[in-house]
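First comes the structure, then the notes that go with it.
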Amino acid sequence: MHKRVGKSSVFINYAVWESMEIYKEAVNKILFNSEPQSRVLKYDDDTLVISPHLFKKIAIPGICGAD
Numbered sequence: 003m004h005k006r007v008g009k010s011s012v013f014i015n016y017a018v019w020e021s022m023e024i025y026k027e028a029v030n031k032i033l034f035n036s037e038p039q040s041r042v043l044k045y046d047d048d049t050l051v052i053s054p055h056l057f058k059k060i061a062i063p064g065i066c067g068a069d
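The sequence shown begins at 3 in the working numbering and counts up by one.
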């Protein structure tokens, strides 16, 4: 879990999924459930917003690798 620096309430949680199918299943279960997202995830605040994104590692020469 990562929190944005400063006075922000933005948090980022990331995971490495075993496969795209498992990721899709998890996202669909959360986003398309009839319950609010916060209740599906057992989170106490109804202001929770989930916005799934997919990323891939990229190498930037002289700065970081993509390992």
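We put the beta carbon where it would ideally sit given N, CA and C, even for glycine.
Residue i in three-state terms, based on DSSP
i     : result
Ile24 : helix
Lys31 : helix
His4  : strand
Ile14 : strand
Ile65 : coil
Span separating the alpha-carbon of residue i from that of residue j
i     : j     : result
Ile32 : Tyr16 : 15 Å
Pro54 : Val7  : 21 Å
Lys9  : Ser21 : 35 Å
His4  : Val51 : 16 Å
Cβ pair residue i, residue j closer than 9 Å
i     : j     : result
Asp69 : Lys58 : no
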